[in-house]
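Counted from 1, the sequence shown has number 1557 at position 173 by the numbering used here; the numbering is strictly sequential.
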Amino acid sequence: MKNIQLKRQIFTINSIKVRAPKEYVNINDKYFIGCNFENELKWKTKNWRKRKNYFYTKIPRYPDRVANITRIMDCCKSNPEPSECNASLIKCDSRLLTAPDRSFILNTKFGNHYLKSKHYPYMAIGISKEGLKGRLGVFLGTDIELSFYSSFKYQYHFLSFPFSSINPFPKWHSPTNYPLISRYARLYFGSELNIKTNKIAQATQGQNFHLGISFVNLKDQAIINRIFFQYGYELDYSGNRESFGYPIIHLGFNIKIYKFNNVQLF
């Protein structure tokens, strides 16, 4: 498989495009996707300029891997299944098939709450944990009015896609030097519990439910590892305001301070 090349397709995250020089593909052989001999792979040709020198096909892309291409060998018809037929063609930035990720990130957060027609810039510090499908965090901070606040939030990622999937001019790469996917856009919904206190007003407690988008960088070297924007509705549990709830807009970014690895919780 070292002679094939792969390329992402714009706005497509469930499959990847493959091409192979015609001299390395025997059209009389049968090719399959992974270890499933009922899922036969079909090669296609193109007749435009240099494209006519290759066979083309598409293979599935999963959250943790890209499907392999296998072929029944003439020398091994009694036992045609390759030993690594279900291996991944390229490396994906995923933790599904590795040891559990026990890392937590100490990070600062800078942002702005917009509620009741007023802006509240703030900064906070806390611990967060981000996975494939969700993110949780606990933060302590202060806003421009020197009010102290604490928050606990959980957000569920219902759609994640790499930045490269929206590149209108993707490039071909061999499986051995395929770029690691580390930057994603994520759509999410979630909820946040918060408490706010200051010396003048009585303490307030609330909970918001929100829908948002974030842009994350999973590289260990990344300093700004998350930028986000979300809109939602906050419920007032303290009874100190004139209304039970109100819309809220929240935007900001996270700066990574330190990553704690191999944290054993239980």
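Ideal placement from N, C-alpha and C gives every residue a C-beta, glycine not left out.
Distance between K1513 and K1640 (C-alpha atoms, nearest Å): 12 Å
Where does K1493 land, buried or exposed, given buried means 16+ other C-beta within 10 angstroms? buried
Rounded separation between P1484 and G1515 - CA only: For P1484, the pLDDT reaches just 46, beneath the cut-off of 50, and the residue's location in the model is therefore unreliable, leaving the point undetermined.
Expressed to the nearest angstrom, what Euclidean distance is found between the alpha-carbon atoms of Y1438 and K1406? 5 Å
Considering only residues of the same chain and omitting the five flanking positions on each side of K1643, which have a CB-CB separation below 6 Å? S1487, I1489
In the DSSP assignment, the beta strand (DSSP E) including A1508 goes from what residue to what residue? 1502-1514
Is it right to say L1390 is buried, meaning 16 or more other beta carbons lie within 10 angstroms of its own, or is it exposed? buried
Please return the same chain residues whose Cβ sits closer than 7 Å to the Cβ of F1613, not counting the five positions on each side in sequence. G1596, I1597, L1635
Can you tell me whether I1400 is buried or exposed, with buried defined as 16 or more other CB within 10 angstroms of its CB? buried
Range of the contiguous beta strand (DSSP E) that encloses P1554: No beta strand (DSSP E) holds P1554; DSSP gives it neither H nor E.
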